[in-house]
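Residue numbers (my numbering): 856 to 955.
Backbone N, C-alpha and C fix where the C-beta goes; we use that ideal spot for every residue, glycine too.
Predicted, not measured: the structure shown is a model, and the values here were computed from it.
Okay, structure first, notes after.
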């Protein structure tokens, strides 16, 4: 549900989708991250980061892109996040490793 002064939801979603596809959201995120780092007297590019991962179980027959995490005994996908020392997200991603 959007605020009443927003355009029709389809118009808003169309802009969101277009900006996601052409990289506008990524550019906004990157510039804001740089602005926050510089405003806190840090180097624009972080020298350290913390990486975390999570195995996410997928429903049966939903996706062909699944793997198996033998440590957690979960069939699904693994997602990762990279956080700088200020607690700001650097990048996120997910992948699937096929069993051989």
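- Query: In its own chain, which residues sit with a C-beta less than 6 Å from the C-beta of residue 901, not counting the 5 before and 5 after it?
  - Reply: Closer than 6 Å at the Cβ level, and outside the excluded window around residue 901, lie 939.
- Task: Use the C-beta contact count for residue 878: other C-beta atoms within 10 angstroms, 16 or more gives buried, fewer gives exposed.
- Result: Exposed, because fewer than 16 other Cβ atoms sit within 10 Å of the Cβ of residue 878.
- Message: Pull the bridge partners of residue 912 from the DSSP assignment, please.
- Response: Beta-bridge pairing links residue 912 to 931.
- Query: In or out: residue 875 buried (at least 16 other Cβ within 10 Å) or exposed?
  - Reply: Classification of residue 875: exposed, given that the 10 Å Cβ count is below 16.
- Query: Cα separation between residue 929 and residue 935?
  - Reply: When rounded, the distance between both Cα atoms is 16 Å.
- With a CB to CB cut of under 7 Å and the five nearest residues on each side skipped, what residues in its chain are close to residue 955? For residue 955, the predicted structure reports a pLDDT of 40, less than 50, and the residue's modelled location is therefore unreliable. The matter cannot be settled from this model.
- Message: Would residue 943 and residue 888 be called neighbours here (beta carbons separated by less than 7 Å)?
- Response: Between residue 943 and residue 888, the C-beta gap is smaller than 7 Å, which places the two residues in contact.
- Message: For the ligand MN, I want to know if residue 912 counts as a neighbour, meaning its beta carbon is within less than 6 Å of at least one of the ligand's heavy atoms.
- Response: You won't find the ligand MN in this model; it holds no ligand whatsoever.
- Item | Supposed contact pair residue 906 and residue 857 - C-beta distance, whole angstroms, cut 8 Å | Between residue 857 and residue 906 a beta carbon distance of about 35 Å is seen, past the 8 Å cut, so the two are scored as non-contacting.
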